[in-house]
Amino acid sequence: MTWLTLLLDVQDTSAASYLPIAIQLIFAAGFVAAMIGMSALVGPKRQTKDKLETFTSGITTHGDARQPMAIKYFLVAILFVLFDVEVIFFYPYAVNFRSLGWAGFVEVLMFVGFFLIGFTYIIKKGALTWED
Amino acid sequence: MPIQYYIYLALSLFSIGVVGVLTRRNAIIIFMCIELMLNATNLLLVAFSKMHHAVALASNTATQVGIEGQLFVFFIMVVAAAEVSVGLAIIVMMYRNTHSVDINFLNRLKN
Amino acid sequence: MNAIILSALCGVVMMFSGILLKNKSAIKYVAIAALLVLIIGNLFQFYGIYTIDIDSKGLLSFDRTGLFFNTIIFVATLAYFILSGSDIERAGPDVAEYFALIFFVLCGVTILTSFNGLLMFFIGIEILSIPLYILTGSDKKNLKSNEASLKYFLMGSFSTGILLMGITLIYGATGSFGLQSTTIKSAVTGFSSAGILAPVGLVLLFISMCFKVSAAPFHFWAPDVYDGAPSVFTSFMATIVKAAGFFAFIKLFAAKSEDFGPGPAWKLILFVIIVATLFIGNITAVFQQSVKRMLAYSSIAQAGFMLFALYSTNDFTKDGILLYTAAYSFATIGIFSILTKMEDYSLDGFNGLSKSQPVLAFTNTVFFLSLSGIPLTAGFFAKYYMLASAIKGGGSLSLVIIAVLFAAVSVYYYFKVIQAMYFKEGVAATNTPITGNFKVALIVLAAIIVILGIYPTALLGFYYF
Numbered sequence: 001m002t003w004l005t006l007l008l009d010v011q012d013t014s015a016a017s018y019l020p021i022a023i024q025l026i027f028a029a030g031f032v033a034a035m036i037g038m039s040a041l042v043g044p045k046r047q048t049k050d051k052l053e054t055f056t057s058g059i060t061t062h063g064d065a066r067q068p069m070a071i072k073y074f075l076v077a078i079l080f081v082l083f084d085v086e087v088i089f090f091y092p093y094a095v096n097f098r099s100l101g102w103a104g105f106v107e108v109l110m111f112v113g114f115f116l117i118g119f120t121y122i123i124k125k126g127a128l129t130w131e132d
Numbered sequence: 133m134p135i136q137y138y139i140y141l142a143l144s145l146f147s148i149g150v151v152g153v154l155t156r157r158n159a160i161i162i163f164m165c166i167e168l169m170l171n172a173t174n175l176l177l178v179a180f181s182k183m184h185h186a187v188a189l190a191s192n193t194a195t196q197v198g199i200e201g202q203l204f205v206f207f208i209m210v211v212a213a214a215e216v217s218v219g220l221a222i223i224v225m226m227y228r229n230t231h232s233v234d235i236n237f238l239n240r241l242k243n
Numbered sequence: 244m245n246a247i248i249l250s251a252l253c254g255v256v257m258m259f260s261g262i263l264l265k266n267k268s269a270i271k272y273v274a275i276a277a278l279l280v281l282i283i284g285n286l287f288q289f290y291g292i293y294t295i296d297i298d299s300k301g302l303l304s305f306d307r308t309g310l311f312f313n314t315i316i317f318v319a320t321l322a323y324f325i326l327s328g329s330d331i332e333r334a335g336p337d338v339a340e341y342f343a344l345i346f347f348v349l350c351g352v353t354i355l356t357s358f359n360g361l362l363m364f365f366i367g368i369e370i371l372s373i374p375l376y377i378l379t380g381s382d383k384k385n386l387k388s389n390e391a392s393l394k395y396f397l398m399g400s401f402s403t404g405i406l407l408m409g410i411t412l413i414y415g416a417t418g419s420f421g422l423q424s425t426t427i428k429s430a431v432t433g434f435s436s437a438g439i440l441a442p443v444g445l446v447l448l449f450i451s452m453c454f455k456v457s458a459a460p461f462h463f464w465a466p467d468v469y470d471g472a473p474s475v476f477t478s479f480m481a482t483i484v485k486a487a488g489f490f491a492f493i494k495l496f497a498a499k500s501e502d503f504g505p506g507p508a509w510k511l512i513l514f515v516i517i518v519a520t521l522f523i524g525n526i527t528a529v530f531q532q533s534v535k536r537m538l539a540y541s542s543i544a545q546a547g548f549m550l551f552a553l554y555s556t557n558d559f560t561k562d563g564i565l566l567y568t569a570a571y572s573f574a575t576i577g578i579f580s581i582l583t584k585m586e587d588y589s590l591d592g593f594n595g596l597s598k599s600q601p602v603l604a605f606t607n608t609v610f611f612l613s614l615s616g617i618p619l620t621a622g623f624f625a626k627y628y629m630l631a632s633a634i635k636g637g638g639s640l641s642l643v644i645i646a647v648l649f650a651a652v653s654v655y656y657y658f659k660v661i662q663a664m665y666f667k668e669g670v671a672a673t674n675t676p677i678t679g680n681f682k683v684a685l686i687v688l689a690a691i692i693v694i695l696g697i698y699p700t701a702l703l704g705f706y707y708f
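Sequences listed follow chains U, P and X, in order.
Here my numbering is used: position 127 in the first sequence is 127, and no number is missing along the way.
With positions in the second sequence counted from 1, the corresponding number in my numbering is that position plus 132.
With positions in the third sequence counted from 1, the corresponding number in my numbering is that position plus 243.
What follows is the structure, encoded as structure tokens:
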């Protein structure tokens, strides 16, 4: 459990210790800006009427967007929340997987195995098929 | 920072959650208030964990006292996720039948 | 450890049996077989022969009481599967999932009987509760079932929030989630009212557990939820889950009882809660016309009796809670299995049952007699042990007298059903034909209740030897 001790031990809280985070933030923002700017500058420009319309995966738009959504989206969202949050248990393993060794690896495999069982169940029940 | 600030903050959040659960009529908002309660406890757990660790650190530099508080937070988060999925499914199920998420609908069983 | 792992695996097996087995009636037999494996695995550990031994780093600890309680719970579930299995099949399209959820609930029960700290306690409570929210709402098109499910869910997660705040405050004061470590750390320096953290935490813990077991000021959700849920699942919730909740409650507060400080204040609070629970449960049950709702209130009244185990913790208490669990669960499971077969859940629906179905009427009478605590049934000794423990523990004779009075009240409303079955004219219609196997199972269950009423040591003998 050394990693948690590390987290707990952060004593230096002066502004200078946040410099790497600031650099990271600047880099992230700069990267996004550069990519968007580059594609706007370099990319080909053909202005047609179709391109100005709302993009809906190639389907012609109809009606208002504020409508009750199909329940399938909800199911996928719920399943995503479940599987997403379970990943939290990988954090402790990821930080000290060296000290846990093979025993820890087997335990994580077992954890992933139960995940896969749940996932297989979802697929078999047809929760992820969107066509009715 | 002294611990009492964390205690006051967490207890305020918790109380907001409790009052919300008791006064609001919308099932989704009640649910959000319950999540607020859970997250208030998460905050307090981490604060207490750090506090116990800091005290133990003074006498022993290799101490691991206080880590179990943070581990508890992990479990609360995962359980909360499971509750969210079940709870939202129940609310959606009710919405399909009544076309409302108002808990004033919940009066069929009163008599 | 056997029971925890096996029950979770059984749940997974049931999940997939719904996909792999095309024949729906086979699922029930898979569930019964899985449960038998679970019972045998648990008995192996009870007799210490062979166990799946995983080092839980002190998070779990297994003792004979917990393992024996597991056995009682599993046997009650077996009776439930045998008697109500066909009703579970009729409850909805996802039969295998219902069985799987029941196994997950059992997994929560096994954790609650072996927790050795507040972390496992919390996880056990949640594993117990979350599948129940789904089971309550399993009748998807029925508005009453929806309503019961939402109410149960909101109340359940609200009390979980309170539970967590209690645990956190105790952790803040003591620096540990262990059951025994009660030394207040001086770490909370500079906080003028640091001494109040642990008592407030304990009170919050107490309140949330009262919510979970539907003790009096916090009982209001229980009748609605028990009434709205499909009857088969009400049977499970009102017996097995409630008993497990009580076991955890008692285990937790027996370990934490030194923290309560000077006794009288806690005794007084418990006194008020027990009397209020008995009063509300029994008096309201008298006025119910629906047998199902009457049973919901009666389960609150029975909770009042089980709270006696909390009032005084001594040797009698342990025997009492084990016996009470067995007596109450078996009788209520039997009653509900008959109730779900009835066309009409009101009292009049039972009119003349003794003419059309004499076996059902007779066994139902035995179950009701046991619930009301008439001698020669298991319920009598269960109540006797509870009251004896209170007298032995604190000499609070007034509480015992009040309890006996309310037991007398309960006889009144239980006998209303017996009266309807035997002394009123009518045609009690059943919604499905009653099979011979069902009758045999009912007679066996009634025989067990009578045997436990004559030789309560038969059950406790297993425990001690």
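Note that the Cβ used here is the ideal one computed from N, Cα and C, for glycine as well.
Since this is a predicted model, take the numbers as computed values, not measurements.
Under 8 Å by beta carbon: chain P residues contacting E86 of chain U: V210, A213
Counterpart residues of D382 of chain X in DSSP-defined beta bridges: In the DSSP output, where bridge partners are listed per residue, D382 of chain X has none listed.
V151 of chain P to I160 of chain P span [Cα, whole Å]: 15 Å
Min CB distance V255 of chain X to chain U below 8 Å: yes
Listed by chain order, chain P residues near G335 of chain X by CB distance under 8 Å: Correct list: empty, because the minimum Cβ distance to chain P is about 12 Å.
For P505 of chain X, three-class secondary structure by DSSP: Only weak support is given to the placement of P505 of chain X: the predicted model assigns it a pLDDT of 49, under 50, and the value that follows is read from those uncertain coordinates. Coil at P505 of chain X, not helix or strand.
Start-to-end residues for the alpha helix (DSSP H) that takes in P442 of chain X: 440 to 456
Spatially closest choice to S541 of chain X from X:T379, X:S613, X:L397, X:K510, by CA coordinates: X:S613
Per-residue DSSP class, three states only, for N557 of chain X: coil
For A570 of chain X, the nearest candidate out of X:Y272, X:F259, X:L688 (CA to CA): X:L688
As assigned by DSSP and simplified to three states, the class of S388 of chain X: helix
Interface partners of G328 of chain X on chain B, CB under 7 Å: The structure shown contains no chain B; its protein chains are U, P and X.
Proximity winner among X:S329, X:T379, X:L511, relative to W464 of chain X (alpha-carbon distances): X:T379
Neighbour flag for Y588 of chain X against chain P, beta carbons, 8 Å: no
Closest by C-alpha distance to P466 of chain X, when choosing among X:A546, X:L412, X:S268: X:A546
Endpoints, the alpha helix (DSSP H) within which I316 of chain X is located: 307 to 334
Beta carbon proximity, I117 of chain U to chain X, threshold 8 Å: yes
C-alpha distance - V153 of chain P paired with A221 of chain P, whole-angstrom precision: 19 Å
Test item: CB-CB of L232 of chain P and G201 of chain P under 8 Å: One point to set straight first is that residue 232 of chain P is Ser, not Leu, in the sequence displayed. In this structure, G201 of chain P does not lie closer than 8 Å to S232 of chain P by Cβ.
Local Cβ density within 10 Å of A487 of chain X, reported as buried at 16 or more and exposed below that: buried
Below-8 Å beta-carbon distance, V81 of chain U vs any chain P residue: yes
Option nearest E86 of chain U by Cα separation, candidates U:R98, U:V108, U:F74: U:V108
Start-to-end residues for the alpha helix (DSSP H) that takes in D470 of chain X: 464 to 471
Test: A190 of chain P CB closer than 8 Å to a CB of chain X: no
I36 of chain U: contacting residues in chain P (beta-carbon distance under 7 Å): Chain P residues near I36 of chain U: none, gap ~34 Å exceeds 7 Å.
CB of H217 of chain P within 8 Å of CB of V81 of chain U, strictly: Reading off the sequence shown, one finds Ser at residue 217 of chain P, where the question assumed His. The answer is yes: Cβ separation under 8 Å.
Where the alpha helix (DSSP H) through I227 of chain P begins and ends: It should be pointed out that residue 227 of chain P corresponds to Tyr in this sequence rather than to Ile. Note, Y227 of chain P: alpha helix (DSSP H), 199 to 230.
Neighbour flag for M225 of chain P against chain X, beta carbons, 8 Å: yes
A574 of chain X versus S555 of chain X - alpha carbon distance: 25 Å
Which residues DSSP lists as bridging N158 of chain P, in chain order: P:D234
The region 678 to 687 of chain X touching the region 596 to 605 of chain X, judged by at least three CB pairs closer than 8 Å: yes
Exposed unless 16 or more other CB atoms sit within 10 angstroms - verdict on V670 of chain X: exposed
Exposed unless 16 or more other CB atoms sit within 10 angstroms - verdict on A339 of chain X: buried
Where the region 257 to 268 of chain X meets chain U: residues whose CB sits under 8 Å from a CB there: M258, F259, I262
Through-space distance from I248 of chain X to D296 of chain X, alpha-carbon basis: 11 Å
A33 of chain U versus D84 of chain U - alpha carbon distance: 29 Å
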